[in-house]
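Quick note: this note's numbering has the sequence shown finishing at residue 231, numbered continuously throughout.
Glycine residues also receive a C-beta, built at the ideal position from the N, C-alpha and C atoms.
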Amino acid sequence: QSLTEIKKRGKLIVGTEPTFPPFEFVDEKNQIVGFDIDIANELAKRLGVKLEIVSLPFDSLIPALLQGKIDLAIAGMTITEERAKVVDFSKPYFEANQAIVVRKDGKFEPKKLEELVGKKVAVQLGTTGDLVVSEINGIQVVRFQKFTDAFLELQNARVDAVVLDEAPAKAYVKKFPKFVISSVIDTGETYGIAVRKGNKELLNFVNQTLDILKSSGTYNKLLQKWFE
Ligand code: GLN
């Protein structure tokens with residue numbers, strides 16, 4: 004949808020997958036909150052419209068964008084070549100790597116992805132974590148739509164590890180001290196906001212807003228708010 008259409012409609016519709024703290028997660032009040040949600044709010048505020056958050060499985064975000072069900076996907080989404088063939092990405096707004104999370108009993112502390120061979124590893128369907136473990140032969144990959152379910156499997160010892168982005172990995176480990184990050188894999192990812200291909204006006208608006216948030220100090224305030 005063009006900017007004019009979004010303004011006429013009076014709301015910006017943003018898709019996300021809310022088991023990815025501190026970028027997007029459900030808080031005690033059952034609200035979807037987080038770093039990305041604050042950015043979405045800034046975008047809506049600057050457009051003078053309301054924000055509607057649509058919660059979807061991660062691998063449904065790009066299809067929903069293509070079908071016009073959402074205006075933007077803001078979901079800690081890594082800018083990848085494959086994805087950039089079907090959607091346009093904003094400027095990078097965050098840097099990320101993958102982390103291996105295991106139970107903190109000291110029995111299994113993999114330092115490299117290769118040590119996951121012969122093990123059961125939980126990932127979120129369609130994420131870059133899914134990609135990196137699926138590339139290695141011999142890892143039994145168990146795919147979930149929600150990270151909360153992946154960690155439940157880890158807790159119940161039905162999988163040996165969860166592989167996901169470092170910042171949410173840290174957030175889960177902080178919340179559940181029985182888990183630990185055994186290693187961080189340097190994948191050198193950057194997150195972007197996804198826009199329907201060719202929607203130049205909306206893409207420019209998103210990029211301009213990201214610039215303004217950075218130069219005004221708001222971006223740093225949000226980092227402090229969500230990452231301490
Ligand atoms: N950054 C990862 C990806 O883009 C994970 C994103 C997520 O799970 N929300 O695949």
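Inter-residue spacing [alpha-carbon to alpha-carbon] between residue i and residue j
i: V183; j: G121; result: 20 Å
i: D108; j: I139; result: 25 Å
i: E27; j: V198; result: 18 Å
i: V126; j: E156; result: 11 Å
i: D41; j: D91; result: 21 Å
i: I77; j: G191; result: 19 Å
i: T19; j: K114; result: 31 Å
i: D152; j: K200; result: 32 Å
i: A170; j: K10; result: 34 Å
i: V176; j: F154; result: 10 Å
i: I56; j: I142; result: 35 Å
i: S63; j: G129; result: 9 Å
i: K14; j: N44; result: 11 Å
i: K217; j: K110; result: 43 Å
i: K69; j: S5; result: At residue 69 the sequence reads Leu, which differs from the Lys that was named. So the two alpha carbons sit approximately 14 Å from each other.
i: V105; j: E112; result: 7 Å
i: T131; j: R49; result: 31 Å
i: A172; j: K203; result: 34 Å
In DSSP terms, what residue i is bridged to
i: S63; result: DSSP, once it has assigned bridges, lists no residue as partnering S63.
i: I56; result: V17
i: I73; result: According to DSSP, I73 bridges with nothing at all.
i: F179; result: DSSP lists no partner for F179.
i: T7; result: Looking at the DSSP assignment, T7 forms no beta bridge with any residue, so it has no partner.
i: R161; result: Bridge partners of R161: none, in fact.
i: R146; result: V126
Assigned exposure category for residue i - 16 Cβ within 10 Å defines buried
i: F147; result: buried
i: P180; result: exposed
i: Q101; result: buried
i: N159; result: exposed
i: I215; result: exposed
i: L206; result: buried
i: S93; result: buried
i: D189; result: exposed
i: L75; result: buried
i: T7; result: exposed
i: F79; result: The question names Phe, but residue 79 in the sequence shown is Gly. Counting Cβ neighbours within 10 Å, G79 comes out buried, since at least 16 surround it.
Boundaries of the alpha helix (DSSP H) in which residue i is found, first to last residue
i: I82; result: It is not in any alpha helix (DSSP H) - I82 carries neither H nor E in the DSSP assignment.
i: N44; result: F38 to L50
i: A197; result: Note, A197: premise wrong, no alpha helix (DSSP H); beta strand (DSSP E) at A197 to R199.
i: L155; result: F150 to Q158
i: Q211; result: K203 to S218
i: E231; result: It is not in any alpha helix (DSSP H) - E231 carries neither H nor E in the DSSP assignment.
i: V135; result: T131 to S137
First and last residue of the uninterrupted beta strand (DSSP E) at residue i
i: N100; result: F97 to R106
i: K123; result: K123 to Q127
i: D30; result: D30 -> no beta strand (DSSP E), and no H or E assigned at all.
i: F92; result: V90 to F92
The ligand ADP heavy atom lying under 7 Å from the CB of residue i
i: F61; result: As for the ligand ADP, it is missing from this structure, which binds only the ligand GLN.
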